[in-house]
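Undergrad:
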Amino acid sequence: MRNRFKDKIVIVTGAGSGIGQRTAERFSEEGAQVVIAELDKNTGKQVEKKINNNNGKAIFIETDVAEYNSVQEMVKNTVKEFGSPDILINNAGINVFSEPLKMSESEWKRAFSVDLDGVWNGCKAVLPHMLEKAKGSIVNISSVHGFQIIPNCFPYPVAKHGVIGLTRALAVDYASKGIKINCISPGYTDTPILERFFSTKPDPEKARKEAEFRQPIRRMGTTTEIANTILFMSSDECNYMIGANIVVDGGITLKIHENDDTGAN
Ligand SMILES: NC(=O)c1ccc[n+]([C@@H]2O[C@H](COP(=O)([O-])OP(=O)(O)OC[C@H]3O[C@@H](n4cnc5c(N)ncnc54)[C@H](O)[C@@H]3O)[C@@H](O)[C@H]2O)c1
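Residue numbers (the working numbering): -8 to 256.
#1: Using the DSSP secondary-structure output, state which residues sit across from glutamine 206 in a beta bridge.
#2: For isoleucine 27 and valine 56, which I take to be in contact (beta-carbon distance under 8 Å), what is that distance rounded to the nearest angstrom?
#3: Return the chain-ordered list of same chain residues with a C-beta closer than 7 Å to the C-beta of threonine 54, the five sequence neighbours on each side being excluded.
#4: Helix, strand or coil: how does DSSP classify alanine 49 here?
#5: Determine the burial state of arginine 210: buried for a count of at least 16 other Cβ atoms within 10 Å of its Cβ, exposed for fewer.
#6: According to DSSP, simplified to helix, strand and coil, what is cysteine 144?
#7: From the DSSP output, in three-state form, read off glutamate 39 for me.
#8: Does any heavy atom of ligand 2 sit closer than 6 Å to the C-beta of serine 190?
#9: If contact is defined by three or more beta carbon pairs under 8 Å, each pair taking one atom from either stretch, is the segment 85 to 95 in contact with the segment 31 to 42?
#10: Please state whether DSSP places isoleucine 183 in a helix, a strand or coil.
#11: Which residue marks the beginning of the beta strand (DSSP E) containing glutamine 24, and which one marks its end?
#12: Which residue spans inside the segment 87 to 150 form an unbroken alpha helix (DSSP H) run of at least 4?
#13: Among Lys200, Ile175 and Asn230, whose alpha-carbon lies nearest the alpha-carbon of alanine 218?
#14: Is the beta carbon of serine 128 sitting closer than 7 Å to the one on lysine 171?
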């Protein structure tokens, strides 16, 4: 165990599952005090318990990132319980995939309220605290959908493009004030969100195999692989990195064409 984040106060949104959970665990393994800012009480409490049982220091704070008041309250409680936040990981996200003209107005709003407003709400709530100490690090989670388009996934990619834009805009405004803001774009990562995506296909197992074969690396990413990149981007090891978007995707977005021969059987 390294102590890269000893006594740092880290907020991870959506830390009750998948990438967020593993990120919270990895921060704790490296000495941080972690806030599980999660909508789902059950999973949020489970992750809190798991980290504390492993000699970590975590608290679950029920949070809806789509509601600014809820995020502001979570940051207020973080300051009360642990102190002023050093690092924010805006990870909470949902898949809203539709054909544009078949999508309801409420689906459009739901996608943007979590996937884009949620990221802004987090930044807006922690920035005053980071400005006060002239130091802080924010990592936003976009996606390969943030700069590439997969058909029939509307409007998720629109919101994820927005996350990269938001990251770049805020990064420039706050770099001179000691705050670094960056972004990571994961490719297919083995989490419940991906499981739910494959379960919408007529043959989920075949869809998964085909997706694995399309990756130059021939497999999905693990949550640990994504979390490790998030930790690096949050750390003082990369203080010259401002407004960057690191792509961690097994090479999938390097390809122009997908193979006709999927190799799946
Ligand atoms: N898994 C992938 O292949 C993949 C790829 C690219 C990007 N991402 C992005 O990574 C992030 C994490 O995804 P994951 O795969 O771990 O998903 P996941 O569904 O396993 O976890 C997402 C978590 O966010 C929480 N959440 C949802 N809405 C929330 C809200 N309004 N407020 C607070 N918490 C909320 C959920 O309860 C859940 O615990 C998302 O932003 C997702 O878009 C995932």
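Ideal Cβ positions, reconstructed from N, Cα and C, are used throughout, including at glycine.
TA: Working from what's here:
#1: According to DSSP, glutamine 206 bridges with nothing at all.
#2: No, isoleucine 27 and valine 56 are not in contact; Cβ-Cβ is about 13 Å, not under 8 Å.
#3: Thr4, Ala28, Glu29, Leu30, Ser61, Val62 and Met65
#4: strand
#5: exposed
#6: coil
#7: helix
#8: Absence of ligand 2 is noted for the structure shown, with ligand 1 being the only ligands found.
#9: no
#10: Reading off the sequence shown, one finds proline at residue 183, where the question assumed isoleucine. Here proline 183 sits in helix by DSSP.
#11: 24 to 29
#12: 96 to 106 and 108 to 124
#13: Ile175
#14: yes
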